[in-house]
Structures are given as C-alpha cells and as structure tokens.
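Colleague: Input: one structure, supplied below.
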Amino acid sequence: MMGSTKPVRMWIDGKCFNIKRYKSKKPSTSKNAFEETPCTSTVCDHNFIINPAQDGRLATTFRLPSIYYIQLNSSPYFSLKKLELETNTEISMPKNGNDGYIIVTGNNEIDIVNAREGIQSVVSEIRERQKVTHFTSIPVHSEEVQRSFQQFKVTL
C-alpha cells in the first residue's frame, strides 16, 4: 500500500504552506545558504510580542512546524549556539520531531529581534528550497473561458 501523498499544511507567519514529507535526495550546492547575517538596525519595527520573562529579562515565543525544527537542528550551515552568542540571547527550541514553541530570551528588545529574525531567515531559506506542492487549475470547459480563448485566437 502506498503512503499518502497529501502534504502537511502549516501556517507560518500568517501564511499557509504545504510541506512534503520526504527528504530531498540532491545535496545542496551552496555552502553559504544558511550563513547568518545579523540585523544591525536599531529600530525595532517587528510585528510580534515581546513579554517580560520571570527573571526580569525579555522573551518572545513563536511556533514552527516540527519539520523545521528537524532541519534547523540538523543543518550544517546554521548553529543555534553561534546565533545565541552573536545576539546575546538564549534560545530554547524543541528537539527533533517534537512540536512546541521556540523561546528567545534576552536583555533587550534589539537582541531578541535580531535572534528571531536570524531564525526566521533560515526558515525562509529552508522554505524556498522546498519543492512546489501545488498548482493553479483553470477550468477551460466553461463557455466564458472558451469564448475568451476564441477571441484571443482571432486577435493573434
């Protein structure tokens, strides 16, 4: 019996994505694909909530689909410890295959924003490497579409 080919549907940053359940067989050709570029802006124009933590520091939490936790934890191009050192934050992430929240804790808002943007940029890179899982279908059997197509052919 064949497995389901229906992709996993996940909401990330208010957008819906379909994620395939299999691994790519082709290795990456780019060695710098996951290289972090820390944000140096001093303006905190973000659209997420930063709350005071129990220890007097600041924290933000956000959720990713478990497939991204697996890829973030196993990526040779992304180091969570390196990002923590660069942004002076503590980042707690679920282990491989588990579902949960990423918690970014830091002393100031700019460090937290930089850490979160670093994670989101890597997730965006992972998302861009995903193969297309859907397509647009145009119903050509309707009279209106057929009539418009005939008019288009005449104009050519």
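So in the UniProt record's numbering, spot 45 of the sequence shown is number 45, and the numbers just go up one at a time. Cβ coordinates follow ideal geometry from the N, Cα and C atoms, glycine included.
For I103, which beta-bridge partners are listed by DSSP?
Modeller: T61, S92
Colleague: If you compare alpha carbons, which of Q150, N114, F152 is closest to K82?
Modeller: N114
Colleague: Do you know offhand how far N108's Cα is from Y68's?
Modeller: 26 angstroms
Colleague: Can you check which of these residues, I91, I70, L85, is closest to D58 by C-alpha distance?
Modeller: Asp is not the amino acid found at residue 58; the sequence shown has Leu there. The option with the nearest alpha carbon to L58 is I91.
Colleague: Where S137 and F149 are concerned, what is the direct C-alpha to C-alpha distance, given to the nearest angstrom?
Modeller: 16 angstroms
Colleague: Beta-carbon separation of T89 and G106 under 8 angstroms?
Modeller: yes
Colleague: In whole angstroms, what is the alpha-carbon distance linking Q71 and I126?
Modeller: 8 angstroms
Colleague: So, helix, strand or coil for I12, using DSSP?
Modeller: strand
Colleague: Return the chain-ordered list of same chain residues with a C-beta closer than 6 angstroms to the C-beta of F62, the five sequence neighbours on each side being excluded.
Modeller: I102
Colleague: Going by DSSP, name the residue or residues bridged to I52.
Modeller: A small correction: the amino acid at residue 52 is Pro; Ile does not occupy that position in the sequence shown. The secondary-structure analysis by DSSP pairs P52 across a beta bridge with L58.
Colleague: Tell me which residue opens and which closes the alpha helix (DSSP H) that Q130 is part of.
Modeller: Run containing Q130: none; DSSP gives neither H nor E here.
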